[in-house]
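Numbering (our numbering) for the sequence shown: 85 to 182. Beneath this line is the structure, given in structure tokens, with notes to follow.
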Amino acid sequence: MDLKEKVIAEIRKIYDPEIPVNIYELGLIYDVKVKDAKAKIIMTLTTPNCPVAESLPKEVKDSAMQVEGIKEVDLDLVFEPPWEKSMMSEAAKLELNL
85 MDLKEKVIAE IRKIYDPEIP VNIYELGLIY DVKVKDAKAK IIMTLTTPNC
135 PVAESLPKEV KDSAMQVEGI KEVDLDLVFE PPWEKSMMSE AAKLELNL
């Protein structure tokens, strides 16, 4: 498993507090890149005024920092494109009966 896969595995452990699906399957993580020991994560929230707007990005960043070999995490929180249900994985849609 390479560093990118390890970072994604850690992110998959984080669940949206309002929906019983991890944030990766939910489609909140737009991109993960790893170069040398630095991870670059682009993510969004279900809405800009999401109740976890303060805590979730920090949790993602802290989680990625737990991966052995990662020394730095650059996290960008974006709202373009806006999140929508179609961004969820098939597994997430099945879990939510969509």
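Even for Gly, the Cβ is constructed at its ideal location relative to N, Cα and C.
Check                                                                                                                                                : Outcome
Pairs of beta-carbons, one from the region 127–138 and one from the region 159–177, closer than 8 Å: are there three or more?                        : yes
Given this structure, state the Cα-to-Cα distance separating Leu-112 from Thr-130, to the nearest angstrom.                                          : 7 Å
Taking the straight line between their C-alpha atoms, what separation do you get for Asp-146 and Arg-96?                                             : 13 Å
Threshold first: 3 residues or longer. Then list the beta strand (DSSP E) segments lying entirely within the region 126–167, N to C.                 : 156–161
Looking at Ile-98 and Val-151, is the spacing between their C-beta atoms short of 9 Å?                                                               : no
Only counting the same chain, and skipping five residues up and downstream in sequence, which positions put a Cβ closer than 7 Å to that of Pro-132? : Phe-163
Skipping 5 residues on each side, what residues in its chain have a beta carbon closer than 7 Å to that of Met-149?                                  : Val-157
By alpha-carbon positions, which one of Pro-101, Leu-110, Val-118 and Pro-104 ends up nearest to Lys-90?                                             : Val-118
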